[in-house]
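Trainee: Take this structure, written in structure tokens, and hold onto it; I'll ask about it next.
Protein chains: 4
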Amino acid sequence: MRRGGARQEVEARGHLVDSFILARIFGAIMDADGDFEVSEMRVGRRKGDQSYARLLVRGRSRRHLDRILNTVYRAGATPMQQGEAALRAAPRDMVMPDGFYCTTNNRTQVFSGGAWMDVGRMMMDKCIAVSGGAARCVPVRDVKKGDMIVVGEAGVRVAPPEKPREGGGVFEFMASSSSSERPTRQMARRVAADMLRTEAAGGRIVLVGGPAIVHTGAADAVAWMVGKGHVGGLLAGNALAVHDIENATRGTSLGMSARDGTPAPHGHRNHMEAINQVFRAGSIREMVASGQLKKGIMYQCVRRGVPFALAGSIRDDGPLPDVVADVTEAQRRYRDVLDGAGMVLMVSTMLHSIAVGNMIPADVKVVVVDISQPAVTKLMDRGTRQALGIVTDVGAFLPMVAEELRRAGPGARRPGGGAGRRGGRARGGRGGAAFRA
Amino acid sequence: MRRGGARQEVEARGHLVDSFILARIFGAIMDADGDFEVSEMRVGRRKGDQSYARLLVRGRSRRHLDRILNTVYRAGATPMQQGEAALRAAPRDMVMPDGFYCTTNNRTQVFSGGAWMDVGRMMMDKCIAVSGGAARCVPVRDVKKGDMIVVGEAGVRVAPPEKPREGGGVFEFMASSSSSERPTRQMARRVAADMLRTEAAGGRIVLVGGPAIVHTGAADAVAWMVGKGHVGGLLAGNALAVHDIENATRGTSLGMSARDGTPAPHGHRNHMEAINQVFRAGSIREMVASGQLKKGIMYQCVRRGVPFALAGSIRDDGPLPDVVADVTEAQRRYRDVLDGAGMVLMVSTMLHSIAVGNMIPADVKVVVVDISQPAVTKLMDRGTRQALGIVTDVGAFLPMVAEELRRAGPGARRPGGGAGRRGGRARGGRGGAAFRA
Amino acid sequence: MRRGGARQEVEARGHLVDSFILARIFGAIMDADGDFEVSEMRVGRRKGDQSYARLLVRGRSRRHLDRILNTVYRAGATPMQQGEAALRAAPRDMVMPDGFYCTTNNRTQVFSGGAWMDVGRMMMDKCIAVSGGAARCVPVRDVKKGDMIVVGEAGVRVAPPEKPREGGGVFEFMASSSSSERPTRQMARRVAADMLRTEAAGGRIVLVGGPAIVHTGAADAVAWMVGKGHVGGLLAGNALAVHDIENATRGTSLGMSARDGTPAPHGHRNHMEAINQVFRAGSIREMVASGQLKKGIMYQCVRRGVPFALAGSIRDDGPLPDVVADVTEAQRRYRDVLDGAGMVLMVSTMLHSIAVGNMIPADVKVVVVDISQPAVTKLMDRGTRQALGIVTDVGAFLPMVAEELRRAGPGARRPGGGAGRRGGRARGGRGGAAFRA
Amino acid sequence: MRRGGARQEVEARGHLVDSFILARIFGAIMDADGDFEVSEMRVGRRKGDQSYARLLVRGRSRRHLDRILNTVYRAGATPMQQGEAALRAAPRDMVMPDGFYCTTNNRTQVFSGGAWMDVGRMMMDKCIAVSGGAARCVPVRDVKKGDMIVVGEAGVRVAPPEKPREGGGVFEFMASSSSSERPTRQMARRVAADMLRTEAAGGRIVLVGGPAIVHTGAADAVAWMVGKGHVGGLLAGNALAVHDIENATRGTSLGMSARDGTPAPHGHRNHMEAINQVFRAGSIREMVASGQLKKGIMYQCVRRGVPFALAGSIRDDGPLPDVVADVTEAQRRYRDVLDGAGMVLMVSTMLHSIAVGNMIPADVKVVVVDISQPAVTKLMDRGTRQALGIVTDVGAFLPMVAEELRRAGPGARRPGGGAGRRGGRARGGRGGAAFRA
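Protein chains in written order, with our numbering: chain A, 1 to 437; chain B, 438 to 874; chain C, 875 to 1311; chain D, 1312 to 1748.
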């Protein structure tokens, strides 16, 4: 270890070894060309026990040390003596003070007023505002002049997510290999099991979906999932809603007949007619209320009261009156739907998936389903590292998941079922075709 | 040919054979299970001559025939006796009348008031409004109550784009093979040649770009192109601007040093700091005016007065104050920048590329550059069939294009050069490194 | 048209317009910078009628004209006065004479001895040997000293494949769009329909498959297809056979349990043990004979006497004793299995698919199924232009195809069924699970 | 910890924490549903120090424990008391004894005759033969009757590769992100630096390459690298050699002129003519000797005496006389060229890359360059986990690497240069164009 320079003692606690936390801390120091000494190390003697480590970190200078500590803290270590987090007032609306603390998507605490407080609604790349004994994560456009914003790294503690080892779920199943060489049916079964486990634990499942759900023929399976309560929130764009409504009202998707797959007469214009019909009715809800929309994903959302948010994008046709054309407002609506989500299923839409990845804490389960492997990888590279990618054809995979849910779900075991599930029971008896009715 | 049924005589004119127009018309009839007889056929005797064909089309019933004719007209044929286009008033704001004509992106004419009139600002999947002797293409959200909208297929004439055969360009070069097995340097040379030819013909080149331009190290090359006048309009989202400004002010992209590629101290927060700096300045233009932004793509756009439009999206960090958060308004700005474009270069952004594809007529040259082959294919499947896809690494390809522009460009030939090009001449002498300064 | 230069009159016959043949001929002339005049043009007056065209082609010089004609002949035109094909003796074994005619994969005829003769076993990029009044396509390594080989382009007539328009099949269905946005179930139904139509016409279906069939869990579905006579030939490499046998004897694929998808004890070595077991038995056939192999794809091939050929490759583990390690010999075996094939199904193996693409005439139906879109595109770029690509997850798609075959197949209609199909009837009754038994 | 059951004490030594070795051991135990207690743990106090851990592992039964230990040993732990490895004679040629130890690609030792001995020529999925005090890795087809083969897991020690932290290379650079969002120029510089570092350490660099090197226009850059001694071995298939020779002798690749990218007259047949020319000469070496081949990759290999091996495959045209048609023999040649390699550069060929990945120990540096991200991922999934993937366009990237080598290489520093480098020095002066001469 270098003589001279600056030093700081830090500690870490948790499943340091098997969750790679210690490896990440050591790596962070070495990547930053720092030096360290292990002052104390207690490894949990048994599976499930926590470990503890204390390190002395050294840098060439105070500045160098600060740079090292910056990454070390983000990897999960904390200084031995914790000081108060520094706060500075936002100079103007939508302007953060210099040196603002830039958040990760990990669970984070702030030491302020002599106590640790959890940061609410954790998101990536935002700042933290403290007021009235509470800390919350704030996007730049929501910053108000005078908000007290955390600056610097002191007084902030980050808990990197620990490796889940609950067993049986798709996360453990997939851990060490590429999904494109795993048995598809098994993956569907695991995803269904994770959904049911999330539901059993009281967690809400949010579906983030693109129009390929409809184009590939999975709309009925998804509508069934929504109708059965397996989807507790829907986040999408204009296209999913348009094509779902085209499919529900005209029996076509991209102008092709959903029944026999041939080009329908005047099919090319069907999605524009569907858009026009919604404008004429006023909104999707009014289409449902007036009996013009009687099936499909959007119908089931309205019928069941499942919250949904449709975000506008530059490539939209229309967009529908229900689409939030202002993206800043759409982000707010998305965050509301995501609040308290236990699991997020992202299907065939990189745009909305990356958006959602930025909005959720790192300990929310994320499953990404896409025909394109790079789409899956990209999301993880963007920081949603907890995401599990399944490279498959959604038109075949989602009906499989729905089928597994039906087989394994409560309805399959409890003959009575609840009101909301009764219709489904009857349909369930007809086998896989239930999702295609 | 069936006896009975309904019949209609149609005609077509143009490079019917080598532009596949006739093949498409025949195919359309057969796909719709119709029948036809060639009443007259005059093939242009020499290369460059137009051809003429007259067909008698038959269907099983009037309804069947109408369905056939619908596709036949869209493939480029017109009925022998042209009637007036039917017009109907829009019943409300943002609601098109039933049976509205749904546009293609091909050049289109409407027969109204006894004469053919061109439809202005042609776009895909819109309607056509006629007023004051002029026809224009109108998105649904811009429809006003009472607008006279074309309904039905009668009185509408479509000119499918003819196969370009001018020679020397990338379009001819690539015609029959996958780009990933073509010499990269040659493709760069051809794209540069097409750009120069477009410029020479007075056409404006619009660049549609994603942040990978910056991440892969092509920002200097693109900034050079803008600075030299090779880019006459920029369409992008928040991310391109953020990362360009991060790169220009902090020397990093995604937190990695652009100089030596290592993680910069505190690099992860640099893009958030860049965003905050723009909010503090008020806008990108004000950053340039105040001397805080002195290089890069956005700087060159401001300096040269190149129009740009940044469209908001649900995944934006910030977004920057310059970003148009309302997507409907962003579409209007995009259309303004695209007005009169002679060539569109789409680089590493599927979202904005599909958006632009929907907004431009089919006779505007489109080159798509992306590392992902499916991204390229998808655009063409969405109707932007004129697009030419180049599967390559933009970080290597765009600097090559810039180098070829420099070598082949006017500056290379005319020692004097114009005012706008003078600086470039001097830099040009320093070789390829010019784009990396 | 240029004065001077050289000229040649050519003619073409067939569905010149809707099969794009004429468009290709015109294009070929223009691409080669040639000139032409249409001397005569008779378009078939009705759907199904053939057309006829006569052109006068001109070049700047005899040499230029020859270059143009070279491409024109390959596009399907023939000279008005047909001369004898020139023949020259091969100077040595495995050496073709200078100027040898290099074949396409289109149906080809040679004019020799005053008559046209079909070239047997048409393949791409080979030469043509004429002897005893017959012409056959010969790979370079099979050329023997003294073989009389066609040289030059004269006396050779090529028939480009015409666009199939039979209706109902997947080829028509997919014609104009990307498969990844089509309903998966519909595509499976269409593929099954094409298979049944091929069988009904007496055609044999050859499956070219990679190990992903096993890894993704589709082995049972494929074994069922083989067992039911839906696959009349299997072309693969070492890996498909190894993993199928691992799956059949140990219940794992890549060491993962096929039943519940978890890593099996010692699973990593299972494929090596499977290989060792085959070596111990002597061959796959001997494993079946001795009762050690009782299920799976290879088992069904042996049981039904379905011919198969396993080609060695540099990446093989083992390879199995049944694998033909010499690739030249393996090519011969492949050609034998392909002889007379009416349809080829290529699944998840680019290596073997490209190999087969080079070996089959252009009028054999080819369906390519792969999770990767570029894999599908690459095959078409290599000259197998008749191929239809379906981008999907084979682990989900092939069971769907099998289910559709079962539903739509002869067994479903004819209660009696043939001997070979009886067992299947019984299993068929148990529903989709039949493929998973 | 469970009472009863079976137990075994194991130990591990090395960079246990920052190389994830301990995390992997813990994970292996938990994945196998085992239990453990940390008996002793000494963490290296400083960067660079080794750590030591001793664990007591328990299973429900001896059988369960053996299953756990199997994976624990493979993760790098060893039993406290090491016994002799069990040996059993191979019962027949090409048949391994039951229970044979199935190798990983990690450095491995066998305890036999009371001492540890290194296993020579380490490869994945082979067995280990011991004779005359030496152990070597043997493929199944090379097993001879009576060979003494290691069976069971006892007496075998595996050293998982430690995380390289030398700094400056592409491996560190890329560690945490997807290459497609990294600056291309930087990546080329890092690859060149790694090559030069390998050379400086006396390591040989082996290039594994596909024909896309030629098609994308990188043949000159690669030929320059070979000519300058930067490539010490070439592993490829038939296609690379054919297209390189087509390019060198006819100036075309896939029939397109390399100079101006247009289709060359008769271009489609050029690669078949190139093949015929090699057959006529007898071999590539004879073509060089007779002056018929004067440039290109294969020419430089012959001129410099760089060893190469061309493996046959089922899709080969020809294949060339130099191609080893028997894949088992080709594997032997590949292994000879790879013997002692310090770094392997894999470019655009999944087939040969996976083959090589199976043949090299896990501590050989591997860089994979491909336009397709899944191709890169697949290699890592197959066990070549040390591979670093760069998703780029080889036609642009390899010339960049060659340019960086030229700038940074010995020639740039030592004006004299060696005999083999003299010609290159002169060319080097002409700048980037040197690779394109």
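Virtual Cβ for every residue (Gly too), placed ideally from N, Cα, C.
Using 10 angstroms around the beta-carbon of D/R1725, count the other beta-carbons present and answer buried if the total reaches 16, otherwise exposed.
Mentor: Residue confidence is low: D/R1725 scores 36 on pLDDT, short of 50, so the model does not pin down where it sits. Its coordinate-derived value is still stated next. Classification of D/R1725: exposed, given that the 10 Å Cβ count is below 16.
Trainee: Do B/V588 and B/P534 have their C-beta atoms within less than 7 Å of each other?
Mentor: The Cβ-Cβ distance between B/V588 and B/P534 falls below 7 Å.
Trainee: Could you spell out the range, first to last residue, of the beta strand (DSSP E) harbouring B/A463?
Mentor: A small correction: the amino acid at residue 463 of chain B is Phe; Ala does not occupy that position in the sequence shown. Here B/F463 belongs to no beta strand (DSSP E); instead the alpha helix (DSSP H) covers I458 to D468.
Trainee: For the beta strand (DSSP E) containing B/Q546, list its first residue and its last residue.
Mentor: R544 to S549
Trainee: Does the CB of D/D1650 have a neighbour CB from chain B at under 7 Å?
Mentor: no
Trainee: Against chain B, with Cβ distances strictly below 7 Å, would C/P953 count as a contact?
Mentor: So, not an interface residue.
Trainee: Check each candidate in A/L65, A/A219, A/P79 and A/A90 and name the one with the smallest Cα separation from A/G146.
Mentor: A/A90
Trainee: Between the stretch 1495-1513 of chain D and the stretch 1670-1684 of chain D, can you find at least three pairs of beta-carbon atoms closer than 8 Å?
Mentor: Segments in contact, yes.
Trainee: Chain C beta carbons: is any one of them nearer than 7 Å to that of B/P620?
Mentor: Using a Cβ-Cβ cut-off of 7 Å, B/P620 does not count as an interface residue toward chain C, since no Cβ of chain C sits closer than that to its own.
Trainee: Going by DSSP, which residues form a beta bridge with A/C137?
Mentor: A/I128
Trainee: Got a sec? Which residues, its chain only, sit under 6 Å from C/E1117 by beta carbon, not counting five neighbours each side?
Mentor: Here residue 1117 of chain C turns out to be His, not Glu, going by the sequence shown. So the list reads P1085, V1088 and S1127, once near-sequence residues are dropped.
Trainee: In terms of DSSP beta bridges, what is A/I390 paired with?
Mentor: A/I390 is bridged by DSSP to A/V369.
Trainee: I want to see whether chain A comes within less than 7 Å of C/S1052, judged by CB atoms only; does it?
Mentor: Caution is warranted here: a pLDDT of 47 is assigned to C/S1052, below 50, making its placement in the model unreliable, and no coordinate value can be reported.
Trainee: For the alpha helix (DSSP H) holding C/R1122, just list the boundary residues, first then last.
Mentor: Before going on, a small fix: residue 1122 of chain C reads as Ala here, not Arg. It spans N1112 to R1124 - the alpha helix (DSSP H) in which C/A1122 sits, taken as one unbroken run.
Trainee: How far does the beta strand (DSSP E) with C/L930 in it reach, from first residue to last?
Mentor: Its beta strand (DSSP E) spans residues S925 to G933.
Trainee: Does chain D have any CB closer than 7 Å to the CB of A/L22?
Mentor: yes
Trainee: Who are the near neighbours of D/A1530 in its chain, counting only those whose CB is closer than 7 Å to its CB and skipping five residues on each side?
Mentor: Within the same chain, D/A1530 has close Cβ partners I1524, D1555, N1558, G1607 and I1608.
Trainee: Can the beta-carbon of A/T108 be found less than 7 Å from the beta-carbon of A/V158?
Mentor: Yes, the Cβ-Cβ distance between A/T108 and A/V158 is below 7 Å.
Trainee: Considering only residues of the same chain and omitting the five flanking positions on each side of D/G1740, which have a CB-CB separation below 7 Å?
Mentor: Here D/G1740 scores only 29 on pLDDT, less than 50, and its place in the model is too uncertain to base an answer on.
Trainee: Decide if D/M1434 is buried, meaning its Cβ has at least 16 other Cβ atoms within 10 Å, or exposed.
Mentor: buried
Trainee: Is the stretch 494-508 of chain B touching the stretch 454-470 of chain B, taking contact as three or more C-beta pairs under 8 Å?
Mentor: yes
Trainee: Excluding the 5 residues preceding and the 5 following D/H1350 in the sequence, name in chain order all residues of the same chain whose CB lies nearer than 6 Å to its CB.
Mentor: Looking at the sequence shown, residue 1350 of chain D is not His but Ser. Around D/S1350: R1365 and L1367.
Trainee: Please list the residues of the stretch 790-811 of chain B that have a C-beta atom closer than 8 Å to any C-beta atom in chain C, keeping them in chain order.
Mentor: Q810 and P811
Trainee: Residues of chain C with a CB under 7 Å from the CB of A/M346: which are they?
Mentor: Simply none; closest approach about 17 Å.
Trainee: Please check if any C-beta of chain D sits within less than 7 Å of the C-beta of A/R2.
Mentor: Reliability of the predicted coordinates at A/R2 is poor, the pLDDT of 48 falling under 50, and the value obtained from them is presented with this limitation in mind. No, A/R2 lies away from the interface with chain D (no Cβ there is under 7 Å from its Cβ).
Trainee: Have a look at C/R1207 and B/C564 and give me their C-alpha separation to the nearest angstrom.
Mentor: 59 Å
Trainee: Can you tell which of B/D472, B/Q519, B/A469 and B/G481 has the C-alpha that lies nearest to the C-alpha of B/N452?
Mentor: Correcting the residue type first, residue 452 of chain B is His in the shown sequence and not Asn. Distances from the CA of B/H452 to each of B/D472, B/Q519, B/A469 and B/G481 were compared; the closest alpha carbon is that of B/G481.
Trainee: Of all Cβ atoms in chain A, is any one closer than 7 Å to the Cβ of C/D1267?
Mentor: yes
Trainee: Within the continuous beta strand (DSSP E) that includes A/V206, where are the two ends?
Mentor: R204 to G209
Trainee: Taking 7 Å as the CB-CB limit, is A/F26 close to chain D?
Mentor: yes
Trainee: Decide if B/D470 is buried, meaning its Cβ has at least 16 other Cβ atoms within 10 Å, or exposed.
Mentor: exposed
Trainee: Consider the C-beta atom of A/I284 and the heavy atoms of the ligand MN; say whether any pair is separated by less than 6 Å.
Mentor: In the structure on display, the ligand MN does not appear, and there are no ligands present to speak of.
Trainee: When the distance is taken between beta carbons, is C/V1221 closer than 7 Å to C/M1268?
Mentor: In the sequence on display, residue 1268 of chain C carries Val and not Met. Cβ atoms of C/V1268 and C/V1221: closer than 7 Å.
Trainee: Between A/L240 and A/I149, how many whole angstroms is the CB-CB distance? I'm expecting something under 8 Å.
Mentor: Going by Cβ atoms, the distance from A/L240 to A/I149 rounds to 36 Å, so no, they are not a contact pair.
Trainee: Looking at C-alpha atoms only, which residue of D/T1509, D/V1449 and D/A1323 is the closest neighbour of D/F1389?
Mentor: A quick correction: the sequence has Thr, not Phe, at residue 1389 of chain D. Nearest of D/T1509, D/V1449 and D/A1323 to D/T1389, Cα basis: D/A1323.
Trainee: Could you check the C-alpha separation between C/G1077 and C/T1266 for me, to the nearest Å?
Mentor: 26 Å
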